[in-house]
Amino acid sequence: MLLAVSLAFAFDTKKIPTQDLYMDDGQRKEFASTVEFAVVGNVRAAKAGEAEATKRVAVKGAQAAVLGDISKTIQEGRTEFMVLLGNLVPGSSLPAWKSWAKQWVSVISGGEPPEDGKMRTRVLPVPGADDALDDDRYAGFGAAFPGVGADIGFNRVATWYSVDLAVGGHTWRFLTVDTNRAALGSRWEEQNAYLEKTLGEQDAYDSLVVFMYDPLITLGLGRVSNLDESPKELLETIDGATRIGALKAVFASGTASNEVFLPHGKFGEMYINTGGGGVPADTIERWGHADAAGLHDVKLETTFDFAILREFERQAEVRKCSSVALDHAKSDQSWKGFPGAFEASCMPLVGWWDVSLTGEKMQLNYRQLQPDNSLKSIYTADYTGKKNGWAIGK
């Protein structure tokens, strides 16, 4: 126990630059018609030798490009807040949190003044596995985001919370949960009790959106769906406490890429993995298995898959990718009979999600990194309401 305490407080958390929370647990905001926000994950710095050790692909300037693109929407007055899904830092230490704050000072408001005088926004943070490295009490995370999480007493940091956005008379409940069972220890049961109590207030919200780090489903090469069975267990608890049909979307970040799944059809919840925030990128298969999640045959959402394939073919020409990479994407030639895959060495799925709520409707807009490090919208999906469910755009 003494060792655990010493690791958790091995640095002075008072020196960590603070960031402004958009809302705290249990708070509610109202909007007359529409609210727009950004979602991005895995924005931490790369670890030394990470790309070589994992066979993932480092993308020079990717994080700065994503950050700059989000900043443009803030300057235009569109982005009300950001949801940052971990990992935020490569390990919880004073230098890591200071470096992260310096990187994001032009986008997120907080204790550090902006360097360029531009408008900034506030944040709803979601912890990742690396944010708890050597710090399973989340002392660094709690210091970076003062007041974050539900109140669990004894000066402890809770990494779960919920907020309500009432948009045009329709209440969206945003629920953040922590999938890191090992780090939480006994707090895992505290989180479960919180979920049952908070979601049991079924008359207090109309729709539910969940944010978590580890994804229920991923087709990232070398990645695991439903890691430690934690995502599935949490989602089953959530499902049991929530009205049928209330859950509309689950955002995760564990994979270093962007993926979309709609395994239960247009009236089911959509799973969006948003981990392509700039860390060394994963290669993503187009179809495969997610047995650990209870899904034997899974595939990328069809229109997302085709949108990425179109973009992959276009960028492959610009980036002068090998014909083998194109064959792999199309499951052609020597790759025939194997799952198609988007090789990160040709086109990493790096980008972020521009999300808007209008009444009971939700729109998702994916912005993909380009060869010149600009970003472009290449895919949209709309939840149109209970009558017609999800409608997929370009």
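In this text, residue positions in the sequence shown follow my numbering: the first is 399, and each later residue adds one. Even glycine gets a Cβ: it sits at the ideal position worked out from N, Cα and C.
- With a cutoff of 8 Å on beta-carbon distance, Val575 and Leu522 are scored as not near each other.
- The stretch 533 to 547 makes contact with the stretch 414 to 429: 3 or more CB pairs, one atom from each, lie closer than 8 Å.
- Per DSSP, Ser754 is one residue of the beta strand (DSSP E) stretching across Gly749 to Thr756.
- The residues Val503 and Ser504, in chain order, have a CB closer than 7 Å to that of Glu513 in the same chain once the five nearest residues on each side in sequence are set aside.
- Scanning its chain for C-beta atoms nearer than 7 Å, with the 5 sequence neighbours on each side dropped, one finds around Phe665 the residues Gly787, in chain order.
- A check of alpha carbon separations from His662 across Ile682, Asp562, Gly673 and Glu699 identifies Glu699 as the nearest.
- Straight-line spacing of the CA atoms in Ala494 and Leu619 works out to 27 Å.
- Counting only runs of 4 or more residues that sit fully inside the stretch 444 to 515, the alpha helix (DSSP H) segments are 448 to 452, 460 to 473 and 492 to 502, in chain order.
- Looking only at Gly673, Thr557 and Leu645, the smallest Cα-Cα distance to Val658 is reached by Gly673.
- With a cutoff of 8 Å on beta-carbon distance, Val677 and Lys646 are scored as not near each other.
- Counting C-beta pairs closer than 8 Å gives three or more between the stretch 573 to 592 and the stretch 623 to 636, which meets the contact rule.
- Counting along the chain, the unbroken beta strand (DSSP E) around Tyr669 starts and ends at Met668 to Thr672.
- In terms of CA proximity to Leu707, Glu683 leads the group Phe736, Lys759, Met610 and Glu683.
- Phe543 and Ser651 have their C-alpha atoms spaced approximately 19 Å apart.
- Its Cα nearest to that of Ala556, the residue Gln589 stands out among Ser721, Ala444 and Gln589.
- Closest in alpha carbon position to Thr477, among Trp750, Asp780, Gly757 and Ala602, is Trp750.
- In this structure the stretch 767 to 775 touches the stretch 457 to 465; the number of beta carbon pairs closer than 8 Å is three or more.
- In the structure shown, Thr574 falls within a strand segment according to DSSP collapsed to helix, strand and coil.
- Judged by DSSP in its simplified three-state form, Glu715 adopts helix.
- Each of Ala541, Phe704 and Glu428 was checked against the Cα of Asn553, and the nearest Cα belongs to Ala541.
- Around the C-beta of Ile790, 16 or more other C-beta atoms lie within 10 Å, and the residue is accordingly described as buried.
- DSSP places Phe552 outside any beta strand (DSSP E), giving it a letter other than H or E.
- Looking at the backbone, the Cα of Ser655 and that of Phe539 are separated by about 23 Å.
- Under the three-state reduction of DSSP output, Arg684 falls in the coil class, being neither helix nor strand.
- His568 and Ser729 have their C-alpha atoms roughly 44 Å apart.
- One thing to note: Leu573 has its Cβ no nearer than 8 Å to the Cβ of Gly686.
- Secondary structure within the stretch 580 to 618: the alpha helix (DSSP H) runs of 4 or more consecutive residues, fully enclosed, are 585 to 597 (chain order).
- In this structure, Asp418 places its C-beta atom within 8 Å of the C-beta atom of Gly508.
- For secondary structure counted as the alpha helix (DSSP H) over 4 or more consecutive residues, the stretch 625 to 664 holds these complete runs in sequence order: 628 to 639.
- Excluding its 5 nearest sequence neighbours in each direction, Pro746 has C-beta neighbours in its own chain below 6 Å: Val455, Val457 and Ala679, listed in chain order.
- Pairing Ala727 with Ala739 gives a Cβ-Cβ distance under 8 Å.
- When DSSP states are grouped into helix, strand and coil, Gly538 belongs to the helix group.
- The C-beta distance from Ala530 to Thr411 rounds to 14 Å, too long to fall under 8 Å, and the pair is not in contact.
- In the three-state DSSP reduction, Phe429 falls in the strand class (E or B).
- Contact annotation: the stretch 709 to 727 does not touch the stretch 689 to 699, with fewer than three C-beta pairs closer than 8 Å.
- Here the stretch 751 to 762 makes contact with the stretch 431 to 439; the two share three or more CB pairs at distances below 8 Å.
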